[in-house]
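Visitor:
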Amino acid sequence: MTHKPATHPDQLALDWENDPAIEAMIEARVARRAEAAAFHWRLRLVAIETCMMGSLVIIAGIALHQQPLQAIRAGILVAAACCASGMLLIGLSGACGMVFSRLRQWRA
Numbered sequence: 001m002t003h004k005p006a007t008h009p010d011q012l013a014l015d016w017e018n019d020p021a022i023e024a025m026i027e028a029r030v031a032r033r034a035e036a037a038a039f040h041w042r043l044r045l046v047a048i049e050t051c052m053m054g055s056l057v058i059i060a061g062i063a064l065h066q067q068p069l070q071a072i073r074a075g076i077l078v079a080a081a082c083c084a085s086g087m088l089l090i091g092l093s094g095a096c097g098m099v100f101s102r103l104r105q106w107r108a
């Protein structure tokens with residue numbers, strides 16, 4: 001059972017629920033925000049993965065009694081490679097998404 005919420009008498013009564021143009025604008029804005037949030041989360045995941053892989057290699061090198069500078073160098077190289085591959089993956093997935101959306105628009 002739903003009921004109409006009580007409005008204040010001084011409040012302007014707006015009927016946006018039946019206007020498809022307003023609904024389309026709201027949905028487009030929500031889609032843009034969700035896409036931006038997804039991109040930021042992907043960047044955060046790449047940054048976390050980069051730090052973890054680099055630190056794990058450094059810790060493993062020190063635990064295996066390697067020279068500290070050699071372990072740090074290897075950790076930095078692994079972190080750089082991990083960051084580059086993560087950025088490449090983000091870029092390629094974005095490009096594929098755009099290609100697939102254009103193909104879908106072209107076929108429709």
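Going by full-length UniProt numbering, 100 is the number at position 100 of the sequence shown; the sequence numbering is gapless.
By construction, the Cβ of each residue, glycine as well, lies at the ideal position given by its N, Cα and C atoms.
(1) Going by the CB atoms, is the gap between Gly75 and Ile58 shorter than 8 Å?
(2) Roughly how many whole angstroms lie between the Cα atoms of Gly86 and Val46?
(3) Quick check: the stretch 77-84 against the stretch 46-56, are there 3 or more CB pairs under 8 Å?
(4) Go through the stretch 10-66 residue by residue and report every complete run of the beta strand (DSSP E) that reaches 3 residues or more, in order.
(5) Count the other CB atoms within 10 Å of the CB of Thr50; is the residue buried (16 or more) or exposed (fewer)?
Guide: To lay it out plainly:
(1) yes
(2) 6 Å
(3) yes
(4) none
(5) buried
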